[in-house]
Structure formats: structure tokens, C-alpha cells
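Per UniProt numbering, the sequence shown starts with residue 1, numbered consecutively.
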Amino acid sequence: MFRRKVCKAFDLRYEQTRQHAIIMSANWFLWVNLLFSIVILVRYYFNPSVNLAIPAGHADFSHLPLFAVMVISAAVLYMLKYSPDRLSRNIWTMLRVTMLILSLNWCLVLFLLFASGGRPVIFALASILLLTGLIALYVDALAWFLFSVPLQAAIIITSLVFTSYITVVNVLAYIALALLVESARRMLNTWFVLAIHREQENNDLIQRLEIQANCDPLTGLANRRAFQVMLDKAVQRASFQQGDSTFSMLMLDVDKFKNYNDFYGHQAGDSCLIQVAESIENAVRANLDLVGRFGGEEFIVLLPQASATDAADIAKRIQSALSMRNIEHMASDVTNKVTVSIGIAEWSPGLTASQLVSRADSALYYAKHSGRNQYQMFYPANNPVKEQTVKQA
Numbered sequence: 001m002f003r004r005k006v007c008k009a010f011d012l013r014y015e016q017t018r019q020h021a022i023i024m025s026a027n028w029f030l031w032v033n034l035l036f037s038i039v040i041l042v043r044y045y046f047n048p049s050v051n052l053a054i055p056a057g058h059a060d061f062s063h064l065p066l067f068a069v070m071v072i073s074a075a076v077l078y079m080l081k082y083s084p085d086r087l088s089r090n091i092w093t094m095l096r097v098t099m100l101i102l103s104l105n106w107c108l109v110l111f112l113l114f115a116s117g118g119r120p121v122i123f124a125l126a127s128i129l130l131l132t133g134l135i136a137l138y139v140d141a142l143a144w145f146l147f148s149v150p151l152q153a154a155i156i157i158t159s160l161v162f163t164s165y166i167t168v169v170n171v172l173a174y175i176a177l178a179l180l181v182e183s184a185r186r187m188l189n190t191w192f193v194l195a196i197h198r199e200q201e202n203n204d205l206i207q208r209l210e211i212q213a214n215c216d217p218l219t220g221l222a223n224r225r226a227f228q229v230m231l232d233k234a235v236q237r238a239s240f241q242q243g244d245s246t247f248s249m250l251m252l253d254v255d256k257f258k259n260y261n262d263f264y265g266h267q268a269g270d271s272c273l274i275q276v277a278e279s280i281e282n283a284v285r286a287n288l289d290l291v292g293r294f295g296g297e298e299f300i301v302l303l304p305q306a307s308a309t310d311a312a313d314i315a316k317r318i319q320s321a322l323s324m325r326n327i328e329h330m331a332s333d334v335t336n337k338v339t340v341s342i343g344i345a346e347w348s349p350g351l352t353a354s355q356l357v358s359r360a361d362s363a364l365y366y367a368k369h370s371g372r373n374q375y376q377m378f379y380p381a382n383n384p385v386k387e388q389t390v391k392q393a
């Protein structure tokens, strides 16, 4: 059926957009971690006067956290690039675990820097890491907390271990940093949600306008313009297909509808057309056939993968569904109930859309002039219309 309801899919759109955003920003964030660890390693390798702390009597494992950051970042970047499904749940879980592992390694780096006398750069290094993490991870609160909380805790713990006390200024600085990054995360996430909400509203508006442009306002069926587009596509598709590419169409006309309007009034006439439209929709194949209003009291049905015989069966169902409505029509000389006349045309190779409509219209014309309340088929042969025995409802 053509009639559709606008779907408020904000939650789905938000989740999909959030996943795409975290995957894109995760790539950037991992590159930052990789390059940052390389810079620190190069600094200490080429600056003999400064080195990471090595506990007395122990081997030099001080650079292992930085190497771990490099290896983990490079490995995850590789997996993200060559993963067949970058939005799978496994990738999502892997990224969150990666954030925690990276954070723990950076905590160890901060501890070693603090022990080596690099206290002046600790706050700056931690701030840079938190800032880059904030930019990349604000759309995923859990990933953000897995990365940021260990880092912020490491600053306080190292201060206690190596200075035995924390000054008021330090406490205020740590609190200010924590509040700053969290408030920034909330603000960025609010803007992110607002942007998706605006995008969803625009999409809903576009969808409503599209439906209005392609829908008959009275019945909710496809209007003539929309039906013509779908018919042209069906003809084009069938023309290029090999094998069985048959489809058919029905053209229907409400019998003696002018008399109905004159007798019952236009408001009742509108109600009658709505009931006829519903009867047609209930009789056709759901999610396959397309029902449209051709104009006035005329309706048209596109029947994909249907021969003329299949179309005749559907025409019978339409007449039966309308008969069950039992809509009174005392102004009709056909019967005292609302009925329809139906013309059936089957597409054949070489026919254009307009020719197919013309054939259905010819069959409808013959049905009306043969007594109405019946269907007639169009047969392409030497004669324009080869009559078949009239099928009474």
C-alpha cells in the first residue's frame, strides 16, 4: 500500500549517528595516542639529562607503558581499518576496553614522570590527554569515563605519594579540571543530541512533504503523478528483465457516481470514495500492489508479477470487498448498492506506460458499456479489444 506513517525514529538515528561518530573520532584519538607516545619516547631517548624513573636494582622497564600505548593504538587502528563490520558490538566493546587500557598505561607514564622530577609537565600532559579524550569520546559516556577517571585519579594519587600532601591550590586545580572536562562533555553531548534532533525534524518534514506531494488528500492513496512514476519504473524494469517479467494493471470506475453525488451530496460522495479506496486496498496484495486515485471517481491498481488471470482474481476480490461494504446507492440504475466497473490490461514487451493505461481504459470503457458492475480484459490482437464473456459481480 502507498499510505505510510511518518516514523519518529529519533532513538534509532541517535544510536546510529553516535556509533558512526565514535568510530570516526576513535581513529583520530588512537593516532593522537600513537604520535604522542612516540614524541615522549623520542624526547627521552635524545635527551640524556632527563630519563624516566628506574627503581634501584631493577631493570629498565620504564618505557614499556609508552611502547604499550604505541602497540595498542597501532593494533586497534589496523583492526578498525580492515574490520568487515566496524559498527558491530564486538568493535564497540573493544574500543571501550582499549580506552581503559590506554588510560592505565598513561597513568603509569604520569607516575614515572612524577618520580623523575617531571612534575611541571604532569598537569599539562594530563590536561592534553583529557582534552583529546573529551573531543573524541564525549558521545560515549562510558568510554569517556573509562579513559578519564583513571587519569584524574592518577594525578591525585601521584601527588600524595611524592609530596605527602596536596596544597589547596592543587586541590582547586584538580577540582576545576574535573569540573571543566565534565561540563564540557555534557555541553558537547547536548549540542550533539540537538543537532540529531534538528536533523530528524528536517527528515520528518521532508517525508511529510513528499507524502503530501505524492498522496491523494482525500483517500490517502497514491495520486496520479506518483502512480505514473511507479508505472514508468515498472515498464522500464520489465523491459530490461529476461524471462517472466509480466505485470498487469486495473482501472476502476465507481458506477453512476455523479448520480450518487447529486442524490446524497458531495460530503457523502467523499465518504463513498474513501470506502471504495479502503475496499480496494484490503483486496489487493499487501506490500506488493500499488493503489492510486486516477482522478474523480476513477482508481488504478498496479499489479507486479501478475498476469491478466491473476488480475481478474484480484478484480473479483475488489468487487467482493466492496459488496460486503453494502454502501447504499438508490440513484443507480445498475443496482441499489455502490459498484465498480473494472478494466484489466497486461503488459507485453514493447508497450509503453501510456499504451498500457490506454488499454486498461479501453477495457474499462467496454465494461461500462456492457452493463457496468463487471470487469473486462484487454487482449492485444488484431482487433483493439477482443471481448470476453462478461463477468458479473
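Don't be surprised by glycine CBs; every beta carbon is placed ideally from N, CA and C.
Determine the DSSP secondary structure at residue i, reduced to helix, strand or coil.
i, result
"Arg-237", "helix"
"Gln-222", "One detail in the question is off: residue 222 reads as Ala in this sequence, not Gln. Of the three classes helix, strand and coil, the one that applies to Ala-222 here is strand, per DSSP."
"Tyr-138", "coil"
"residue 406", "No information on residue 406 is available, as it lies outside the stretch 1 to 393 that the chain covers here."
"Met-70", "helix"
"Lys-337", "strand"
"Asp-204", "helix"
"Gln-228", "helix"
"Ser-271", "helix"
"Met-377", "strand"
"Glu-297", "coil"
"Leu-303", "strand"
"Asp-253", "strand"
"Ile-327", "coil"
"Val-291", "strand"
"Gly-350", "coil"
"Ala-178", "helix"
"Ala-312", "helix"
"Ala-345", "strand"
"Ser-88", "coil"
Applying the criterion that 16 or more other CB atoms from any shown protein chain within 10 Å of the CB defines a buried residue, is residue i buried or exposed?
i, result
"Arg-208", "exposed"
"Thr-352", "exposed"
"Glu-281", "buried"
"Gln-212", "exposed"
"Tyr-375", "buried"
"Lys-258", "exposed"
"Trp-106", "buried"
"Leu-30", "buried"
"Gly-57", "The predicted position of Gly-57 is uncertain, since its pLDDT is 42 and thus under 50; a value taken from the coordinates is nonetheless stated next. Looking at its Cβ environment, which holds fewer than 16 other Cβ atoms inside 10 Å, Gly-57 is exposed."
"Val-39", "exposed"
"Glu-297", "buried"
"Pro-384", "A caution first: Pro-384 carries a pLDDT of 47, below 50, which makes its placement in the model unreliable, though a value can still be read off. Pro-384 is exposed by the Cβ-count criterion."
"Arg-43", "exposed"
"Ser-73", "buried"
Using beta-carbon positions only, say whether residue i and residue j come within less than 8 Å of one another.
i, j, result
"Leu-322", "Val-276", "yes"
"Ile-344", "Leu-250", "yes"
"Ala-154", "Phe-123", "no"
"Asn-33", "Val-71", "no"
"Glu-346", "Thr-246", "yes"
"Glu-80", "Ala-26", "With the sequence shown as reference, residue 80 is identified as Leu, and Glu is not the correct amino acid for it. Contact flag set, yes."
"Ala-306", "Ser-239", "no"
"Ala-283", "Ile-314", "yes"
"His-329", "Tyr-260", "yes"
"Leu-142", "Arg-96", "yes"
"Ile-22", "Val-139", "yes"
"Arg-293", "Asp-232", "no"
"Leu-41", "His-63", "yes"
"His-197", "Phe-67", "no"
I think residue i touches residue j, with their Cβ atoms under 8 Å apart; what is that distance to the nearest whole Å?
i, j, result
"Met-230", "Leu-290", "5 Å"
"Val-254", "Val-340", "6 Å"
"Ser-279", "Arg-224", "Between Arg-224 and Ser-279 the Cβ distance is about 20 Å, and since that is not below 8 Å, they are no contact."
"residue 416", "Met-99", "Look at the range of the chain in this structure, 1 to 393, and you will see that residue 416 is not part of it."
"Val-301", "Tyr-14", "Wrong, their Cβ atoms sit about 39 Å apart, outside the cutoff."
"Ser-362", "Phe-378", "6 Å"
"Pro-65", "Leu-108", "4 Å"
Within a Cβ cutoff of 7 Å, which residues of the same chain sit near residue i, ignoring the five residues on either side of it in sequence?
i, result
"Ala-126", "Leu-110, Leu-151 and Ile-155"
"Val-6", "For Val-6, the predicted structure reports a pLDDT of 39, less than 50, and the residue's modelled location is therefore unreliable. The matter cannot be settled from this model."
"residue 475", "Residue 475 is absent from the model: the chain starts at 1 and stops at 393."
"Gly-295", "Arg-224"
"Ala-367", "Ser-341, Ile-342, Gly-343, Gln-374, Tyr-375 and Gln-376"
Near residue i, what residues of its chain come up, given a Cβ to Cβ distance below 8 Å and the 5 sequence neighbours on each side ignored?
i, result
"Lys-256", "His-329, Ala-331, Ser-332, Asp-333, Val-334 and Arg-372"
"Leu-131", "Val-181"
"Ser-83", "Ile-91"
I'd like the list of long-range same chain contacts for residue i, defined as Cβ closer than 6 Å, with 5 residues on each side in sequence excluded.
i, result
"Ile-318", "Ile-280 and Ala-283"
"Leu-188", "Tyr-138"
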